[in-house]
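Protein chains: 2
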Amino acid sequence: MNRRDFIQKTSLAATVTGILPKVQAPTQKPASRVRLGFIGVGLRGQSHLQQALYRKDVDVTAICDIDPSAVNTARKMITQAGKKEPAVYAKGPEDFANMVKRDDLDGVIIATPWEWHVPMTIATMKAGKYAAVEVSATVTLQESWDLVDTFEQTGSHCMILENVCYRRDVMAIMNMVRQGIFGEMLYAHCGYQHDLRGIKLNNGKSNALGVEFGEKGYSEAKWRTQHSVDRNGDIYPTHGLGPVAHWLDINRGNRMMYLTSMSTKSRGLHKYIVDHGGQNHPNAKVKFALGDIVTTNIQCHNGENIVLVHDTNSPRPYSLGFRAQGTEGIWMNDGHTIYLEGISPKEHIAEPDAAYLAKYDHPLWKKYEKEAENAGHGGIDYFIFRGFVEAIKNKVAPPIDVYDAAAWSAVSPLSELSISRGSSPVEIPDFTRGKWRSNKRIFGLNDEY
Amino acid sequence: MNRRDFIQKTSLAATVTGILPKVQAPTQKPASRVRLGFIGVGLRGQSHLQQALYRKDVDVTAICDIDPSAVNTARKMITQAGKKEPAVYAKGPEDFANMVKRDDLDGVIIATPWEWHVPMTIATMKAGKYAAVEVSATVTLQESWDLVDTFEQTGSHCMILENVCYRRDVMAIMNMVRQGIFGEMLYAHCGYQHDLRGIKLNNGKSNALGVEFGEKGYSEAKWRTQHSVDRNGDIYPTHGLGPVAHWLDINRGNRMMYLTSMSTKSRGLHKYIVDHGGQNHPNAKVKFALGDIVTTNIQCHNGENIVLVHDTNSPRPYSLGFRAQGTEGIWMNDGHTIYLEGISPKEHIAEPDAAYLAKYDHPLWKKYEKEAENAGHGGIDYFIFRGFVEAIKNKVAPPIDVYDAAAWSAVSPLSELSISRGSSPVEIPDFTRGKWRSNKRIFGLNDEY
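Pasting the structure below:
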């Protein structure tokens, strides 16, 4: 018996006996407080830290970062909020391994460069803590399997922090999909269409105008830009895929079967460097592998198609480009329109979507609107953080799980593979190993989290 | 030397000596009148006939159809317009072959079921007349080659009547693309998104509600619906592709290299039959091959990607879904928005497109707006018809040519092939046999046609 078979069999047995993985129903009285550690307290980590400080039921026990200024800022945020000074782990890139072993931690938030996500998440899970990892969770296909295998070995949960799943409009649309308002689902369009040129390239001191990256770059430009040098594929797929996966019950009665990806030429980043740094700037010689626009088409088991766009190197308005379409209607985020057969008053004429989004507002948003708004960042960061914390308190699986993290993130390396093979179709592994057929929905089930 | 090589060589030689194919510069004084024949005077043919009757420089010499009621309606239209009674060819499905041989014809308009387009077009070209053929021009890949070969053998022109090429907004966008307003082009989205359920299925007497097609259907339902039974692919690609091909200079400095297609499950037509005809209607047993939504991704030689959607079996607003994107801006038809770097007043915020569409209104529309509006059908049928007639009068190549007809239409069988191979990439032939490298633009060059 090989390792995969062994894990699969033991995991199935575990599910049957109810020991492993932890199931949705709480087995004990909920904890009143949750103790969290943070790996990565740069800009994104600080944003999560702010959510932690906003909550009265969360203690921040420890923080970890290799950047002293990030550590200082985070410490100040914590003490200025009147909380206890956290333990600090800043002794080199592997110090996180020491932090996750602490006894006074229930969960760990990981907001670090992508290539560190999986080592840190696995260390957290192996230490018996809940792991929350930023998007994308994984960079390679093997890493997606590693997350799943670690979960099935340890029973420790891993939640991918895909905050867009909680966007108010996409949750209202999910509500409508589940109530059958769109009929049988056929099609979804989504993506990450966000001009990141000023993030990938900056002046090295702030996100102010500049053409530096890598060693000389600031914040994400230090590491994120290199992915655009090395890789051609949808390198940031989950903001679009997460919400769509919930509409289509991916991993729960449905799954992604195969994909094709195609990419345009690469122009935007080079042009930005030349426009703002001149032809003679050393970075004008850098060759970027990433095509400016990458389109990925995904075939689902139940016959729906997903079209996913990655578009981050060009001047454009921010848009995740959502479209939900079924046999009885269509919603489009761009233009904010909806058309529902037999409901919309004029045949074949779209309506503004606002009244529908209000009518089908998700119970979670209805209940926690005020808290979400007070917590800042448009509310979605409040909800994704809340989901993680409440899962820990209730000792249950989080509302977005390791199979979601594995499958959504895997689209990234698979799209690279497809492009490298001239847009050939590439199989998407079934990370649930068949359990998608019987797995039930876990996201957005009620007004709790 | 095989036939293709022979044709290629002789054609190249002909181009050099200027005999064949006819070139853009007129060789004689323009004719003052044009004599046209019509093959197919059903609903679409009548629409073109109306354009012919609107013009003072066109005589309708002959009409051909196997449907007596269509012939009667067309004759009445002609005589009621005060024109001479046309010769009628209605003796069976091959009678068109007799019509095209008449001496008093300069050009022939072909608006018949798709599978008849190529035999009729080839007969017209071989008889030395200009052929204008409705969309799609061809159904199979071989037919696309046959059109090209016939043109190169005879020197007779073939124009595909892709009226959307003349839509005012897409011509303004073309104008902007050619002036570099979007920078270097990267991406285009387009398609045919039109609820045709009431066209593909009707009561057999009119387009009124019903679930009949084939023998028992009315008008296009008689033949068009069968394509949805037999074929899974983008079976109607040119309304989207035509305008985009002009933006991207396809066949003229650029070409389509390969494509992938993916399709959703097929639900819409069966559901419509059951909803309106009941489970026990015989057509409820029909299996439709056509997926409700087919998405085709096209890689272009110059590095642009085209995403093309076919969506005709679901309730939805009409939209051709145009998007034009370059290194310096993006236009989207859905939502009517535009964003141009350094021009739009707020960074990353889209503007309404109306002012730009007005500013870059194409000279042709500026000059002939009144005539186009008077001629009805939103103007685009006026312009496509004008293009054909003016080419004949000036004895030059039409503004949309046989290579356009061949390449745009070929996406249809190639998308079927890709889907049948699990979305594998499929090469798109170079119908220009290398001439795309030096061919110059022919469409929308001035304010004439």
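These protein sequence lines are chains A and B, in that order. For the first sequence, this note's numbering assigns the number 449 to the last residue and increments by one with no breaks. For the second sequence, this note's numbering assigns the number 898 to the last residue and increments by one with no breaks. Idealized CB from N, CA, C, for every residue including glycine. Quick caveat: nothing in here was measured; it's all calculated off a predicted structure.
To the nearest whole angstrom, what separates the beta carbons of residue i and residue j, a pair I think is in contact under 8 Å?
i, j, result
"B:S793", "B:G682", "Going by Cβ atoms, the distance from B:S793 to B:G682 rounds to 38 Å, so no, they are not a contact pair."
"A:K129", "A:L105", "6 Å"
"A:G92", "A:I63", "Actually they do not touch by this definition, with Cβ atoms about 15 Å apart."
"A:L290", "A:S228", "4 Å"
"B:N895", "B:P801", "In fact, because the Cβ distance is near 29 Å, the residues do not count as touching under 8 Å."
"B:D783", "A:M332", "6 Å"
"B:Y809", "B:M625", "5 Å"
Tell me whether the beta-carbon of residue i lies closer than 8 Å to the beta-carbon of residue j.
i, j, result
"B:T573", "B:A580", "yes"
"B:Q500", "B:F834", "yes"
"B:S585", "B:W565", "no"
"B:T510", "B:R551", "yes"
"A:H157", "A:P399", "no"
"A:Y166", "A:Y236", "no"
"B:M699", "B:A856", "Strictly speaking, residue 699 of chain B in this sequence is Ile, with Met absent from that position. For B:I699 and B:A856, yes; Cβs fall inside 8 Å."
"B:T776", "A:K366", "no"
"A:A324", "A:W436", "no"
"B:V619", "B:F837", "no"
"A:N305", "B:T713", "yes"
"B:P766", "A:I349", "yes"
"A:C190", "A:L241", "yes"
"A:V133", "A:I380", "no"
"A:I109", "A:T121", "no"
"A:F96", "A:I39", "yes"
"A:L49", "A:V41", "yes"
"B:S872", "A:Q299", "yes"
"B:Q495", "B:T522", "yes"
Nearest to residue i by alpha carbon, out of the options?
i, options, result
"B:H750", "A:M262, A:E328, A:R323", "A:M262"
"B:A637", "B:R616, B:G752, B:Y767", "B:G752"
"A:T260", "B:E664, B:V557, B:S763, B:P874", "B:P874"
"B:T975", "B:L645, B:V567, B:L739", "The question about residue 975 of chain B has no answer here: the residues shown for chain B are numbered 450 through 898."
"A:M256", "A:A111, A:H227, A:L308", "A:L308"
"B:V851", "B:E790, B:Q529, B:R551, B:L610", "B:L610"
"A:F431", "A:V58, A:T150, A:S47, A:D95", "A:T150"
"A:D458", "A:I122, A:I392, A:I419, A:F322", "Given a span of 1 to 449 for chain A in the structure shown, any question on residue 458 of chain A remains unanswerable."
"A:G342", "B:A821, B:D724, B:T744", "B:D724"
"B:D760", "B:R646, B:I779, B:I798, B:K478", "B:R646"
"A:G214", "A:N283, A:T121, A:P86", "A:N283"
"B:G538", "B:Q529, B:K525, B:D514", "Reading off the sequence shown, one finds Tyr at residue 538 of chain B, where the question assumed Gly. B:Y538 has its Cα closest to that of B:D514, out of B:Q529, B:K525, B:D514."
"A:G277", "A:L340, A:V211, A:P315, A:Y339", "A:V211"
"A:F383", "A:L186, A:N98, A:G444, A:S32", "A:G444"
"B:D595", "B:R673, B:T687, B:T786, B:S858", "B:S858"
"A:N439", "A:E369, A:G253, A:P413", "A:G253"
"A:G217", "A:D230, A:S266, A:I199", "A:I199"
"B:L806", "B:D853, B:Y788, B:R680", "B:Y788"
"B:P764", "A:E184, A:N203, A:S206", "A:E184"
"A:F288", "A:Q279, A:Q46, A:S266", "A:S266"
"A:E152", "A:I442, A:Y449, A:K346, A:R433", "A:R433"
"A:N374", "A:R421, A:K346, A:R55, A:A245", "A:R55"
"B:A803", "B:D644, B:T561, B:R617, B:A480", "B:R617"
"A:E143", "A:S420, A:A405, A:E427, A:L209", "A:A405"
Worksheet item: the segment 223–246 of chain A: which residues have C-beta closer than 9 Å to a C-beta of chain B, in chain order?
Response: none
Worksheet item: Which residues, in order along the segment 409–431 of chain A, keep a beta-carbon less than 8 Å from a beta-carbon of chain B?
Response: G422, S423, S424, P425
Discussion item. My parser needs the alpha helix (DSSP H) runs of 4 or more residues fully inside the segment 246–306 of chain A; what are they?
Written reply: 268–277
Item to complete: Could you list the residues in the segment 250–280 of chain A with a C-beta less than 8 Å from some C-beta on chain B, going in chain order?
Response: Y258, T260, M262, S263, T264, K265, R267, G268, K271
Worksheet item: In chain order, what residues of the segment 306–323 of chain A put their CB closer than 7 Å to some CB of chain B?
Response: V307, S314, P315, R316, P317, Y318
Discussion item. List, from N- to C-terminal side, the alpha helix (DSSP H) runs of 4 residues or more that fit wholly inside the segment 105–173 of chain A.
Written reply: 114–126, 141–154
Worksheet entry | In chain order, each beta strand (DSSP E) run of at least 3 residues that lies wholly inside the segment 614–673 of chain B | 634–642
Item to complete: With a floor of 4 residues, list each alpha helix (DSSP H) that falls wholly inside the segment 760–818 of chain B, ordered by position along the chain.
Response: List check, alpha helix (DSSP H) in window: 803–808.
Fill in: Interface residues of the segment 342–362 of chain A facing chain B [CB-CB below 7 Å]
H348, I349, A350
Discussion item. To test your reading of the DSSP string, which unbroken alpha helix (DSSP H) runs of 4 or more residues are found completely within the segment 365–415 of chain A?
Written reply: 380–394
Fill in: Near-chain B residues of the segment 94–126 of chain A - C-beta to any C-beta below 8 Å
none
Worksheet item: Of all the residues that make up the segment 642–676 of chain B, which are near chain A by a beta-carbon distance shorter than 7 Å?
Response: D644
Item to complete: Quick one: which residues of the segment 177–188 of chain A get their C-beta closer than 7 Å to a C-beta of chain B? List them in chain order.
Response: E184, L186, Y187
Discussion item. Report the start-end ranges of each beta strand (DSSP E) in the segment 475–514 of chain B that is 3 residues or longer and not cut off at the edges.
Written reply: Complete beta strand (DSSP E) runs here, min 3: 483–488, 507–513.
Worksheet entry | Residues in the segment 75–95 of chain A having any Cβ partner in chain B nearer than 7 Å | none
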